[in-house]
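Below is one structure, written out as structure tokens; comments come after it.
In the UniProt record's numbering, the protein residues as written are 1 to 371.
Spelled out as structure tokens, the structure:
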């Protein structure tokens, strides 16, 4: 035996039920990009950890909604075998949020926190999924009482406070998180949104930019900063950040929708002229996204913006131009979890012109250097 693949094959000759050898051989197949062959291995279906690996493989083989649904069924089946498996619960919660199933995501969030009260995925996701504010509040208060310097809990509690317009509490907890961990990107960009809400946009941008400086490949930090820059008509800078996020996460429907939107903005030249190539690029991008994720709210909204731009600039409409129903989309948005609410992107709803004026025109109420 000279290669990893040959070593695993030889091991399986002696014991074809050895789970470690089977998983190792599957890993080699994945590294060789032979994903279908990896799936055909008998990976002991009663091994819960294996379910996670299989679900990831299915998502790589079947991009978009199909892969997600297959992965979801694999994870749910694995959870029946081992209800306390934290790894499966984490994977399932993140997948359900991406799919948009808020109700089921919340259910498994609470299960995750039951078995692992300090779990980052659980704390982050319960803020985005649960409507039981009192229960969420109690969860953070009890956790921070036991562990007051838990940075993850502080950041997520800050996110929760921000979402519920308790800005003083949000600043307090996020500042403490930054004091403990000065390299925490999430704490910085969430604090940036608080300052924007308090009509201190320069301070807000400072913290959003700091988040990107700390973690250049943080997709949501890039998208959040890009959205604020769009609202301030700094389209080229916004495009730079959102394109970077897209390069990092090309299969993420949230990022696809945001990149589509910034392309439409960038295409504008005058009220009657535009860069037609950018408009068509935006349409192609969005259409491909909707083929993978049919019914995704963010992509439907982005698609409507593309169609509005084509109508505004006198470009030919296509056969799908009448398919977007705004009222139905808004209703679906209320009943399905919008992926944009994942951690920090809640701030997009407060990007109002009055909040985004230069601080030279407003009176500063807080010290932007507060930690």
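Glycine included, every Cβ here is placed at the ideal spot set by N, Cα and C.
If one requires a minimum length of 4 residues, the alpha helix (DSSP H) runs lying completely within the region 155–181 are 167–180, in chain order. If you draw a straight line from the Cα of residue 235 to the Cα of residue 205, it is about 15 Å long. With the rule of 3 Cβ pairs closer than 8 Å, the region 196–203 does not count as touching the region 216–227. Take the alpha-carbon of residue 254 and the one of residue 171: they are about 27 Å apart. If you draw a 10 Å sphere on the C-beta of residue 115, you find fewer than 16 other C-beta atoms in it, and that means exposed. Apart from the 5 residues on each side of it in sequence, residue 268 sits with its Cβ closer than 7 Å to the Cβ of 274 in its chain, given in chain order.
With respect to the C-alpha of residue 135, the residue from 113, 151, 148, 152 having the closest C-alpha is 113. The continuous alpha helix (DSSP H) containing residue 304 extends over residues 297–312. Selection 125, 65, 77, 90 evaluated against residue 155 yields 125 as nearest (Cα-Cα). The beta carbons of residue 158 and residue 183 sit no closer together than 8 Å. Looking at the DSSP output, residue 274 bridges to 268.
DSSP, reduced to helix, strand and coil, places residue 79 within a helical segment of the structure shown.
For residue 204, the secondary structure class from DSSP, reduced to helix, strand or coil, is helix. Inclusion of residue 211 and residue 188 in the CB contact set at 8 Å is warranted, their separation being smaller than that value.
Taking all protein chains in view, the Cβ of residue 250 is surrounded by fewer than 16 other Cβ atoms within 10 Å, so the residue is classified as exposed. Put simply, the backbone Cα of residue 169 is about 8 Å away from that of residue 162. When 119, 98, 306, 73 are compared, the shortest CA-CA separation from residue 279 is found for 306. Taking the C-beta atoms as reference points, residue 219 is found nearer than 8 Å to residue 248.
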